[in-house]
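Participant: In our numbering, the protein residues as written are 4 to 262. My questions all concern the structure below.
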């Protein structure tokens, strides 16, 4: 009786079929590697290992950022803990009296911290963020959080939710948010153009010729064939870096608005 079709005894199970490869397996490479295995089980083949483009880019020395123990960077702290600590350990440099610290919101996440002496009433103030622009009147923290939320696919509403959960100040207004998005978009385009130009130069140097080999990739904003916006990228074959990108759309908001 066939053990696979007939009734078998309880507790007995037919032996599983062992996988011996298929048409997609490289039997020649497997046999070569198995014949060049050292006694310790380490392969002695000299064939180069194919690495992905992401792996090659991770090994670049130009992408590493050295760590410095300076005061650069941003942190999130509890105001009650920090202000009470400073009031207990600081004194006025004029009369050595006790000080009081207050915080005033300026715009968005930008705030102004004031330190006032309780005795001589001397007051000094500082901001929680750097100021950008020629007039030094644009808080950097508002642009940073806008750029960060846009990078993860969130907008102003997502920023409001994040600030509410983290117990932060409310973000900037709608008009300020749109202005920041335009500034960030212009800066991102400039950086992208410079980065792609550098990648194209590296591709030419790698092959020592302007006749380079590239691959194309495309994607859409939404799934299916109903998407109105598509993106096409050109990637260098040797460096694995994007050397050109183009965004195309079937519909134009400006034209539809004029109509």
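Glycine residues also receive a C-beta, built at the ideal position from the N, C-alpha and C atoms. Bear in mind that the values here come from a model prediction, so they are computed numbers and not experimental data.
Per DSSP, residue 233 forms a beta bridge with which residues?
Facilitator: Numbered from 1 along the chain shown, position 230 holds the residue referred to as residue 233. Residue 233 is bridged to 223, 251.
Participant: Just to confirm before moving on: does the CB-CB distance between residue 113 and residue 132 stay below 7 Å?
Facilitator: Numbered from 1 along the chain shown, position 110 holds the residue referred to as residue 113. Numbered from 1 along the chain shown, position 129 holds the residue referred to as residue 132. Yes, the pair counts as a contact, with Cβ atoms nearer than the cut-off.
Participant: Report yes if the C-beta of residue 136 is less than 6 Å from at least one heavy atom of the ligand ADP; otherwise report no.
Facilitator: Judged by which ligands are present, the structure shown has none, so any question about the ligand ADP falls away.
Participant: Output the distance between the C-alpha atoms of residue 86 and residue 104, rounded to the nearest integer angstrom.
Facilitator: As a working note, residue 86 is residue 83 in the chain shown. As a working note, residue 104 is residue 101 in the chain shown. Roughly 6 Å between the two C-alpha positions.
Participant: Would you report the Cα separation of residue 138 and residue 147, rounded to the nearest angstrom?
Facilitator: Position 135 of the chain shown holds residue 138. Position 144 of the chain shown holds residue 147. Residue 138 and residue 147: Cα-Cα distance of roughly 19 Å.
Participant: Given residue 140, which residues of its chain have a CB within under 8 Å of its CB, disregarding the five upstream and five downstream residues?
Facilitator: On the chain shown, position 137 is the one that residue 140 refers to. Here the set comprises 134.
Participant: Report the partner residues of residue 259 according to the DSSP bridge assignment.
Facilitator: Along the chain shown, one-based indexing puts residue 259 at 256. For residue 259, DSSP records no beta bridge to any residue.
Participant: Hey, could you find the ends of the alpha helix (DSSP H) residue 152 is sitting in?
Facilitator: In the chain shown, counting from the first residue as 1, residue 152 sits at position 149. Taken as a continuous stretch (DSSP letters only), the alpha helix (DSSP H) holding residue 152 covers 143 to 154.
Participant: Note down the Cα distance separating residue 247 from residue 126, rounded to an integer number of angstroms.
Facilitator: Taking the chain shown and counting its residues from 1, one reaches residue 247 at position 244. Taking the chain shown and counting its residues from 1, one reaches residue 126 at position 123. Answer to the nearest angstrom: the Cα atoms are 54 Å apart.
Participant: Suppose you measure from the CA of residue 93 to the CA of residue 166; what does that come to, to the nearest Å?
Facilitator: Taking the first residue of the chain shown as position 1, residue 93 is located at position 90. Taking the first residue of the chain shown as position 1, residue 166 is located at position 163. Distance between the alpha carbons of residue 93 and residue 166 is about 30 Å.
Participant: Going by DSSP, which residues form a beta bridge with residue 162?
Facilitator: Locating residue 162 in the chain shown gives position 159, counting from the first residue. DSSP output for residue 162 lists no bridge partner at all.
Participant: How big is the Cα-Cα spacing for residue 115 and residue 142?
Facilitator: The sequence position of residue 115 within the chain shown is 112, counting from 1. The sequence position of residue 142 within the chain shown is 139, counting from 1. Straight-line Cα distance between these residues: approximately 11 Å.
Participant: Could you pull the start and end residues of the alpha helix (DSSP H) that residue 177 belongs to?
Facilitator: Start at 1 with the first residue of the chain shown, and residue 177 comes out as number 174. Note, residue 177: alpha helix (DSSP H), 177 to 210.
Participant: Round the Cβ separation of residue 172 and residue 108 to the nearest angstrom and send it over; I've been treating them as touching at under 8 Å.
Facilitator: The residue labelled residue 172 in the question sits at position 169 within the chain shown. The residue labelled residue 108 in the question sits at position 105 within the chain shown. About 5 Å separates the two Cβ atoms, so the contact holds.
Participant: Within 10 angstroms of its Cβ, does residue 206 collect 16 or more other Cβ (buried), or is it exposed?
Facilitator: Here residue 206 refers to the residue found at position 203 of the chain shown. Buried is the call here.
Participant: Could you check whether the stretch 211 to 229 touches the stretch 186 to 194, counting it as contact only if at least three pairs of C-beta atoms, one from each stretch, sit closer than 8 Å?
Facilitator: no
Participant: With DSSP collapsed to three states, give me the class of residue 110.
Facilitator: Translated into positions along the chain shown, residue 110 becomes position 107. Strand at residue 110.
Participant: Residue 174: which of 145, 254, 201 sits nearest, CA to CA?
Facilitator: In the chain shown, residue 174 corresponds to position 171, counting from 1. Cα-wise, what sits closest to residue 174 is 145.
Participant: Okay, do the stretch 207 to 216 and the stretch 249 to 262 touch, 3+ Cβ pairs below 8 Å being the bar?
Facilitator: no
Participant: Going by DSSP in three states, residue 90 sits in which element: helix, strand or coil?
Facilitator: Counting from 1 along the chain shown, the entry for residue 90 is found at position 87. Of the three classes helix, strand and coil, the one that applies to residue 90 here is helix, per DSSP.
Participant: Output the distance between the C-alpha atoms of residue 158 and residue 195, rounded to the nearest integer angstrom.
Facilitator: On the chain shown, residue 158 is found 155 positions in, with the first residue counted as 1. On the chain shown, residue 195 is found 192 positions in, with the first residue counted as 1. Answer to the nearest angstrom: the Cα atoms are 21 Å apart.
Participant: Could you give the distance in angstroms between the alpha-carbon of residue 245 and the alpha-carbon of residue 234?
Facilitator: Locating residue 245 in the chain shown gives position 242, counting from the first residue. Locating residue 234 in the chain shown gives position 231, counting from the first residue. If you take the alpha carbons of residue 245 and residue 234, they lie about 13 Å apart.
Participant: Is residue 255 buried or exposed, if buried means 16 or more other CB atoms sit within 10 Å of its CB?
Facilitator: Counting from one through the chain shown, the residue named residue 255 turns up at place 252. Looking at its Cβ environment, which holds fewer than 16 other Cβ atoms inside 10 Å, residue 255 is exposed.
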